[in-house]
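S.K.: Be aware that the sequence shown starts at 305, since it is given in this note's numbering, and climbs by one per residue.
Encoded as structure tokens, here's the structure I'll be asking about.
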Amino acid sequence: MSTYIRSRNAAWGLGCSTSLYSQAVFHPQAVGALFIGLLQSTGLLVGAVNVLGFTGLGTLALGVGYAAVTAAAIGLQLALQKKPAAPQPSDVQTNIRQEISPRRRIYGRYLTGSVIVFGFRRGEKSYLLHYVCEGPISGYVSFRLDKKPVTLDGDGFVTQEQYQVGGRSRVQILTTLGTMNDEPFAELLAAFPELDTPLTPFRHRGCAMALQIVEQVSQDKLQDVYPNNMPSLQFVIDALEDVYDPRTDSWGFSDNAGCCLLTEIMDVYGLTSASTEDIDFNSFAAFAEHCDENVALRSGGVEKRYRCAGPIFLDAENEDRIKAIASVCNGDVFMDRQGRIAVRQKLRATPGIALRAMNGDHLSIQLEGGRPLQKRFNTVKVGYVDPALNWKANEVRWRHPDFYVEDGSELLSSFTVNLCPSATQAQRLAKLAVYENNPDYVGSLTSGPQALDLMEDYVFTLDLSPEETFERVAAATDVIEYDAEQMSVSSPFMIFGANATDWNPAEDEQDQVIVPPDLPANVDDVTLVVLVTVEIQENSAPVLKFSWTAAGGATLPDSYAQQVEVSAADADEWNPATVNQDQNTAIFAAVADGGSYDWRIRNVASGKTFDWQNSTAPVTVVVDDTPPAALLSFSAGDGTGQFTANFGTTNDAHLATVAIYKTAPGATLNRATNLIGRYAVAPGISYALPIASGSGAFDIYAEPFNRSDIAGPLAGPDQATVS
305 MSTYIRSRNA AWGLGCSTSL YSQAVFHPQA VGALFIGLLQ STGLLVGAVN VLGFTGLGTL
365 ALGVGYAAVT AAAIGLQLAL QKKPAAPQPS DVQTNIRQEI SPRRRIYGRY LTGSVIVFGF
425 RRGEKSYLLH YVCEGPISGY VSFRLDKKPV TLDGDGFVTQ EQYQVGGRSR VQILTTLGTM
485 NDEPFAELLA AFPELDTPLT PFRHRGCAMA LQIVEQVSQD KLQDVYPNNM PSLQFVIDAL
545 EDVYDPRTDS WGFSDNAGCC LLTEIMDVYG LTSASTEDID FNSFAAFAEH CDENVALRSG
605 GVEKRYRCAG PIFLDAENED RIKAIASVCN GDVFMDRQGR IAVRQKLRAT PGIALRAMNG
665 DHLSIQLEGG RPLQKRFNTV KVGYVDPALN WKANEVRWRH PDFYVEDGSE LLSSFTVNLC
725 PSATQAQRLA KLAVYENNPD YVGSLTSGPQ ALDLMEDYVF TLDLSPEETF ERVAAATDVI
785 EYDAEQMSVS SPFMIFGANA TDWNPAEDEQ DQVIVPPDLP ANVDDVTLVV LVTVEIQENS
845 APVLKFSWTA AGGATLPDSY AQQVEVSAAD ADEWNPATVN QDQNTAIFAA VADGGSYDWR
905 IRNVASGKTF DWQNSTAPVT VVVDDTPPAA LLSFSAGDGT GQFTANFGTT NDAHLATVAI
965 YKTAPGATLN RATNLIGRYA VAPGISYALP IASGSGAFDI YAEPFNRSDI AGPLAGPDQA
1025 TVS
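See the structure below:
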């Protein structure tokens, strides 16, 4: 009876190209043969034969094989069960308010939203605790509120004018990087002391978190400050900091797809940088170097060959997590002869061995044209996420020009690589997919035992000379069978286009992504010329009246509205004025005579609020700018313990008070230090004001003032003696 060893090489199966289980043997005889090989390698074969005999040993090996196949079948059945829909980039880039959400690890630079794990209002502030992703991350690049970029000061307060009310920012954003040393936000515990339980471990340690503190504003400002109610929060982050680079034996931030692939494998299987018996780190180092190669761009410059940016959801199947990264870098993860996890390029032009007819390597061979009649395609459309388009999902195409002419029309196939951050990288992957699924030739080959090397490396040189002038790089596909009795190896194979892995940007970069310009709606700010006057209401209270026109004689569009705010000079406590939009005027009441005020005005048009145009100098409120008339017949009278100020007032409506001053005889008047008092008077009346004083001789002055403290002519001095 012949014994066949069949090894499934799944490197060219699209559904399982990166599976560590894809090389599992689905034939009980093959498992049994491998079992016997294991006994031989461990020195136990002779003892087993002596105890069981050859027939008994074969039966035992076959039983082991059937047990393995049964377990594999059960696992395959579970694997083929319908999975939940895969998350889309737009799902990651939004705030999700739910109690349970899959944990996620993010690689590279990426725009992400969050999962709100706590939200509560206390007093005038709302506190929202956001889960960003697993940590540690390298850092936060930028922040967005309601999808608009914002900047933060050193304390995390948003500096944009929209969120400034009453001279201070009303939104604060605090963050952690997700290290194991992170502690709860002190601001959160200060607001909610009942959450401060020192004996309970911080449940979000090791997770990148953000605390968003939003302070309430008055109802009249709500639409301007929070037009969408609670502002949504997004982050652009340089994500996972702990990416392992086998080339330097170091950890750090990296978007090298090969390093990200290795890091994910180590996390999935609980391995470390010291797991040299489980991982072929040399193969990963070479693959990382391949990913770091510079590839020329059609527009000029270069980019790295394969980068990785985006989320991996930790509730996904282990194999799917690995495959998600391998799919962005043409990676094939496999088990090498030492049973270690290794990686190589999936579609490549570098063979591992050569099988040549002149050396007798071909016992039999069949060869025919390779493009399938069913499900053939000449164009691939790839979905990816483009940072240049604000991290939106986008699509690019790559078409094989010769296949397109041969087929007579576009035959399309599509796939999505959400971790791909580049349009040109997506096109390189598309080209590989076209060549992989449209080989030049397919065939089958039977060779000698030297072809067992195909189990280690399925890419080989097929040389038919001297009978045929034919030498091409081929790849074994599907099952590799070994007939131990005949000492032969059989396998189907494919031969791909000669330039499958080449990249000529002038020809191959077929789909250039054009970043749309920031198209304005022709709604531009208009500089305003503002006139401010003081008016007296019927109740004699002063108000500030504003009127404005467009600067430079321009026309102020009717669709433009204005907002006016006033603050006491240097107080930075702004209050709105009442605007009459039809008249382009505004009134601000409750100002004090003699007070100084700053003002600001801004335009609002087509839903866009422009920046404030500020006053260059304070406005001083002057109700009456006409000085009062001179006093009549001023004199000072002597007295005991007092003197008398005698004067008459004219019938002057601008007169409000009279100030009396007292100095030493002949001294220069100092109004600030020599003032005795201000006395309210009425027009058209004669006064004899008794004023208490110490004894001595004094010069007496009198000065009239209007209600706005504008002085009239000074009267005096006249001497008075107090005994």
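In this text, a Cβ means the ideal position worked out from N, Cα and C, and glycines have one as well.
#1: What's the C-alpha gap between Asp-1013 and Trp-903?
#2: Mind checking which residues open and close the alpha helix (DSSP H) that includes Asn-978?
#3: Measure from the alpha carbon of Leu-749 to the alpha carbon of each residue in Lys-735, Asn-742 and Thr-765, then state which is nearest.
#4: Pull up the distance between the alpha-carbon of Leu-1098 and that of Thr-954, whole angstroms please.
#5: Mark Ile-1004 as exposed unless 16 or more other C-beta atoms lie within 10 angstroms of its C-beta, in which case mark it buried.
#6: Would Tyr-444 and Cys-612 qualify as a contact pair, given that the criterion is a beta-carbon distance under 9 Å?
#7: DSSP puts Glu-1007 in a beta bridge; with which residues?
#8: Just the Cα atoms here: how many angstroms apart are Pro-987 and Ala-933?
#9: Compute the Euclidean distance between the alpha carbons of Leu-348 and Leu-716, then round it to the nearest angstrom.
#10: Which of the three DSSP states, helix, strand or coil, is assigned to Asn-955?
#11: List in chain order: all unbroken alpha helix (DSSP H) runs of 4+ residues lying wholly within the segment 559-591.
#12: Scan the segment 736-814 and note each continuous alpha helix (DSSP H) run of 4 residues or more that stays entirely inside, going in chain order.
#13: Taking Arg-644 as the reference, which of Asp-706, Ala-578 and Asp-624 has the closest Cα?
#14: Please state the DSSP three-state secondary structure of Asn-663.
#15: Using CA atoms only, rank isn't needed, just tell me which of Asp-711, Thr-683 and Ala-996 is closest to Trp-702.
#16: What residue from Asp-486, Ala-592 and Ala-1001 has the CA that sits closest to Asn-634's CA?
#17: Count the other CB atoms within 10 Å of the CB of Gly-1016; is the residue buried (16 or more) or exposed (fewer)?
#18: CA-CA distance, Leu-499 and Asp-874?
#19: What number of angstroms, rounded off, separates the C-alpha of Ser-587 from the C-alpha of Met-639?
#20: Could you say which of Phe-951, Ile-995 and Asn-1010 lies nearest to Gly-1020 if we only look at CA atoms?
#21: What is the rounded straight-line gap between the Cα of Leu-835 and the Cα of Ser-418?
#22: Pro-923 bridges to which residues according to DSSP?
#23: What span of residues does the beta strand (DSSP E) with Ile-626 cover, start to end?
#24: Let's see if you can read the secondary structure: which residues bound the beta strand (DSSP E) around Glu-491?
#25: In the structure shown, what three-state DSSP assignment does Pro-880 receive?
#26: So is Ile-818 buried or exposed if we call it buried at 16+ other beta carbons inside 10 Å?
#27: Taking buried to mean at least 16 other C-beta atoms within 10 Å of its own C-beta, is Lys-679 buried or exposed?
#28: Inspect the CB distances between the segment 563-572 and the segment 467-480 and report whether three or more fall short of 8 Å.
#29: For Ala-1006, verify whether its CB is less than 8 Å away from any heavy atom of the ligand GDP.
#30: Would you tell me roughly how many angstroms separate the C-alpha atoms of Glu-775 and Pro-809, rounded to the nearest one?
#31: Suppose the cutoff is 6 Å on Cβ atoms and the five residues either side in sequence are ignored; what does the same chain contact list for Ala-490 look like?
#32: Rounded to the nearest angstrom, what separates Asp-1022 and Asn-843 at their Cα positions?
#33: Note the first and the last residue of the continuous beta strand (DSSP E) segment covering Glu-672.
#34: Quick one: Cα of Ala-653 to Cα of Cys-595, how far?
#35: Consult DSSP for Gln-946 and reduce its assignment to one of helix, strand or coil.
#36: Three or more beta-carbon pairs under 8 Å between the segment 736-751 and the segment 796-806, yes or no?
M.R.: Reading off the structure:
#1: 24 Å
#2: 975-978
#3: Thr-765
#4: There is no way to answer for residue 1098, as the model of the chain reaches only from 305 to 1027.
#5: buried
#6: no
#7: Ala-963
#8: Distance between the alpha carbons of Pro-987 and Ala-933: 10 Å.
#9: Residue placement at Leu-348 cannot be trusted, given a pLDDT of 47 that sits under 50; the coordinates are not used to answer.
#10: Here Asn-955 sits in coil by DSSP.
#11: 561-573
#12: 809-812
#13: Ala-578
#14: helix
#15: Nearest C-alpha to Trp-702: Thr-683.
#16: Ala-592
#17: Gly-1016 comes out buried.
#18: 40 Å
#19: One Cα belongs to Ser-587, the other to Met-639, and the distance between them is close to 11 Å.
#20: Among Phe-951, Ile-995 and Asn-1010, the Cα nearest to that of Gly-1020 is on Phe-951.
#21: 48 Å
#22: Before going further, note that residue 923 is Val rather than Pro in the sequence given. In the DSSP assignment, Val-923 forms a beta bridge with Tyr-901.
#23: Segment 622-630 is the alpha helix (DSSP H) holding Ile-626; no beta strand (DSSP E) there.
#24: Counting along the chain, Glu-491 falls outside any beta strand (DSSP E), though it belongs to the alpha helix (DSSP H) covering 490-495.
#25: strand
#26: exposed
#27: exposed
#28: The segment 563-572 is not in contact with the segment 467-480.
#29: Ligands in the displayed structure: none, and consequently the ligand GDP is not present.
#30: Cα to Cα, the separation comes out at about 27 Å.
#31: none
#32: 39 Å
#33: Annotation for Glu-672: the continuous beta strand (DSSP E) segment containing it runs 668-673.
#34: 16 Å
#35: Gln-946 falls in the strand class under three-state DSSP.
#36: Under the three-pair Cβ rule at 8 Å, the segment 736-751 counts as touching the segment 796-806.
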